[in-house]
Amino acid sequence: MAADRYLWLTRHGEASPDETTLTENGRRQATALGKRLRSCPVSVIHHGPLPRAAQTARLIAAQVDGVPVHRCEPAGDYVPHVPRREELPPDSADLLLDRLSGFPAEERENGPALAREALRRFTGPVDGAEPRHELVVTHTFLIGWLVRAALDAPDWRWIGLNHANAALTVIRYTPGRPASVLLYNDTGHLPPELRWTGFPAELRL
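Numbered according to this note's numbering, the sequence shown spans residues 156 to 360.
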């Protein structure tokens, strides 16, 4: 027997310029998200290994009593797929490949295996009769990767799926049905001044 999985995804709160800790805005964002999740049946919180994700997870957990928190390598910050030129639209291939080449070689080499492990660990229906709700505190690249997988988009299409700090995305996996994206990049729990951190100016609305 299999049951629904609800995968709740969020990007860490706003980080300091050196990315070693959350800013005051980031702490406020994480706390606000935790308050929103009080009424949601999340049973576990997974987070990536970097400090900004771990701190965000702890602040969320402080608002939802009794939910266990687990450090998880596949929830980390990495390039999930490095496309070949022929996978990309001809008019943007040069720009995209140039940007990807700027990431550390280790991220580009190790990321795809972690991305495959994230798909195995976090997606698809669950065994048993009861639905499962899991929160993953991660980074924008992995959220883009999981959303594009839910939509059966090409592997390269994680690129361009940007995610705001402490925004919420929810994907539902139901036995015998395609995955459904129920929410994407929802910032309704954040005050207006905290909703667009993590986005360049040209993407803020």
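Glycine residues also receive a C-beta, built at the ideal position from the N, C-alpha and C atoms.
Fair warning: this is a prediction, and the values are worked out from it, not measured in the lab.
By Cβ distance below 7 Å, which residues in the same chain neighbour residue i in space, the five residues on each side in sequence not counted?
i	result
residue 340	318, 319, 322, 324
residue 288	161, 163, 195, 196, 197, 198
Can you tell me the Cα-Cα spacing of residue i and residue j, whole angstroms?
i	j	result
residue 307	residue 313	11 Å
residue 169	residue 360	18 Å
residue 294	residue 301	11 Å
residue 353	residue 184	12 Å
residue 392	residue 245	The question about residue 392 has no answer here: the residues shown for the chain are numbered 156 through 360.
residue 234	residue 221	33 Å
residue 350	residue 342	6 Å
residue 272	residue 265	11 Å
residue 256	residue 223	37 Å
residue 182	residue 310	33 Å
Considering Cα atoms alone, identify which of the options is closest to residue i.
i	options	result
residue 267	237, 197, 354	237
residue 305	285, 211, 284, 334	334
residue 167	242, 348, 212, 241	212
residue 173	310, 254, 351, 205	205
residue 263	214, 217, 296, 309	296
residue 345	214, 256, 191	191
Can you tell me whether residue i is buried or exposed? The criterion is at least 16 other CB atoms within 10 Å of its CB, across all chains shown.
i	result
residue 282	exposed
residue 303	buried
residue 315	exposed
residue 165	buried
residue 207	buried
Who pairs with residue i in a beta bridge, going by DSSP?
i	result
residue 320	166
residue 339	Looking at the DSSP assignment, residue 339 forms no beta bridge with any residue, so it has no partner.
residue 225	201
What does a CB cutoff of less than 6 Å around residue i pick up in its chain, not counting 5 residues either side in sequence?
i	result
residue 201	225, 227, 230, 291
residue 210	177
residue 337	325, 327
What does a CB cutoff of less than 8 Å around residue i pick up in its chain, not counting 5 residues either side in sequence?
i	result
residue 278	160, 162, 301, 304, 305, 326, 328, 334
residue 156	282, 283, 284
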